[in-house]
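Undergrad: Submitted below is the structure of interest, expressed as structure tokens.
In this note's numbering, the protein residues as written are 191 to 453.
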């Protein structure tokens with residue numbers, strides 16, 4: 191299903207002074223005019239809690255900073271909060287397409303309406319696979335809808351390298367996340383009690399990071415994830431039996447604030 195973006199004009203200004211409106215009118219997609227480069231002028235500095243969340247292409251380049259500050263500092267306080275950073279990331283991802291690192295600022299500046307380097311029409315898809323999402327068996331937790339992936343689905347014993355079939359297991363979830371860009375995700379890794387505490391902690395962190403990397407490779411925005419390893423500290427079963435230890439070796443993926451019964 192295609193939807194169009196109409197942004198509130200409060201507190202938002204164009205990057206460049208042109209006769210075109212800063213944001214598209216209702217019923218049109220938003221465009222950002224880069225033809226009069228403000229990055230040639232000083233003054234676009236980033237501050238605020240949302241800065242670490244911004245894509246490197248926005249955070250670390252003069253043009254990126256000039257894209258963010260005039261357009262996404264919605265309350266006009268001269269700082270970028272996390273919500274504003276998410277908005278900037280989402281819009282830049284729409285314009286730039288999947289290879290943000292190759293975004294051609296100059297080509298976009300010459301003709302923002304005709305830029306062909308990435309997606310030019312805003313689309314929010316609802317065509318994610320509902321049956322596959324239901325088959326994950328999400329359960330409701332205080333944090334949101336939680337999916338448990340056992341070690342033998344994702345990894346070999348004592349390894350943080352994903353099995354070849356693990357990517358296919360995660361693919362429907364990646365499709366859902368691409369279609370629902372506002373959903374944030376927590377990835378938590380856990381082990382059984384074999385080995386030292388330090389080893390288990392490190393393994394759980396590396397496994398959680400590997401799952402996050404898989405989503406990143408499937409074009410799900412990295413900034414949406416929190417990744418934590420818990421080692422052996424939160425068992426869900428006894429560590430005195432092989433069956434119990436298998437249950438404890440897991441990665442949990444939580445769609446924060448989402449209802450499990452949605453699926």
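Cβ atoms here follow ideal geometry from the backbone N, Cα and C, with glycine treated the same way.
Of the choices 236, 447, 441, whose alpha-carbon is the least far from that of residue 150?
TA: Nothing about residue 150 can be read from this structure; the chain reaches only from 191 to 453.
Undergrad: On a Cα-Cα basis, can you pick out the residue from 385, 323, 384 that is closest to residue 365?
TA: Within the chain shown, the letter at position 175 stands for residue 365. Cα-wise, what sits closest to residue 365 is 323.
Undergrad: From residue 404 to residue 433, what does the alpha carbon distance come to, in whole angstroms?
TA: The residue you call residue 404 lines up with position 214 of the chain shown. The residue you call residue 433 lines up with position 243 of the chain shown. Their backbone Cα atoms lie some 27 Å apart in a straight line.
Undergrad: Got a sec? Which residues, its chain only, sit under 6 Å from residue 447 by beta carbon, not counting five neighbours each side?
TA: Within the chain shown, residue 447 is the residue found at index 257, counting from 1. Result list for residue 447: 334, in chain order.
Undergrad: Roughly how far, in whole angstroms, is the beta-carbon of residue 244 from the beta-carbon of residue 259, given that I think they are within contact range, below 8 Å?
TA: Within the chain shown, numbered from 1, the residue matching residue 244 stands at position 54. Within the chain shown, numbered from 1, the residue matching residue 259 stands at position 69. 11 Å between Cβ atoms; not a contact.
Undergrad: Whole angstroms are fine: how far does the CA of residue 387 sit from the CA of residue 281?
TA: Indexing the chain shown from 1 puts residue 281 at position 91. Indexing the chain shown from 1 puts residue 387 at position 197. Cα to Cα, the separation comes out at about 42 Å.
Undergrad: Thinking C-beta only, is residue 285 closer than 8 Å to residue 241?
TA: Mapped onto the chain shown, residue 241 falls at position 51. Mapped onto the chain shown, residue 285 falls at position 95. Their beta carbons are not under 8 Å apart, which means residue 241 does not touch residue 285 by this criterion.
Undergrad: Distance check for residue 399 and residue 373, CA to CA, integer angstroms please.
TA: Taking the first residue of the chain shown as 1, we reach residue 373 at position 183. Taking the first residue of the chain shown as 1, we reach residue 399 at position 209. Approximately 18 Å, taken between the alpha carbons.
Undergrad: Return the bridge partner residues of residue 440 from the DSSP annotation.
TA: Indexing the chain shown from 1 puts residue 440 at position 250. Paired residue(s): 340, 380.
Undergrad: Distance, Cα to Cα, residue 318 vs residue 345?
TA: Indexing the chain shown from 1 puts residue 318 at position 128. Indexing the chain shown from 1 puts residue 345 at position 155. Spanning the two alpha carbons is a distance of roughly 26 Å.
Undergrad: Below 6 Å CB to CB, which residues in the same chain sit around residue 311 once its five sequence neighbours on both sides are set aside?
TA: By one-based count along the chain shown, residue 311 stands at place 121. Because residue 311 sits at a pLDDT of 32, beneath the cut-off of 50, its placement in the model cannot be relied upon, and the point is left open.
Undergrad: For the beta strand (DSSP E) that residue 419 lies in, which residues bound it at each end?
TA: Residue 419 sits at position 229 when you count from the first residue of the chain shown. Where residue 419 is concerned, the enclosing beta strand (DSSP E) stretches over 415-419.
Undergrad: Beta-carbon separation of residue 417 and residue 377 under 8 Å?
TA: By 1-based counting over the chain shown, the position of residue 417 is 227. By 1-based counting over the chain shown, the position of residue 377 is 187. Yes; because the gap between Cβ atoms is below 8 Å, this pair is in contact.
Undergrad: Measuring CA to CA, which of 350, 395, 337, 406 is closest to residue 451?
TA: Locating residue 451 in the chain shown gives position 261, counting from the first residue. With distances taken between Cα atoms, residue 451 lies closest to 337.
Undergrad: I'd like the list of long-range same chain contacts for residue 238, defined as Cβ closer than 7 Å, with 5 residues on each side in sequence excluded.
TA: Start at 1 with the first residue of the chain shown, and residue 238 comes out as number 48. These residues qualify, in order along the chain: 269, 270, 271.
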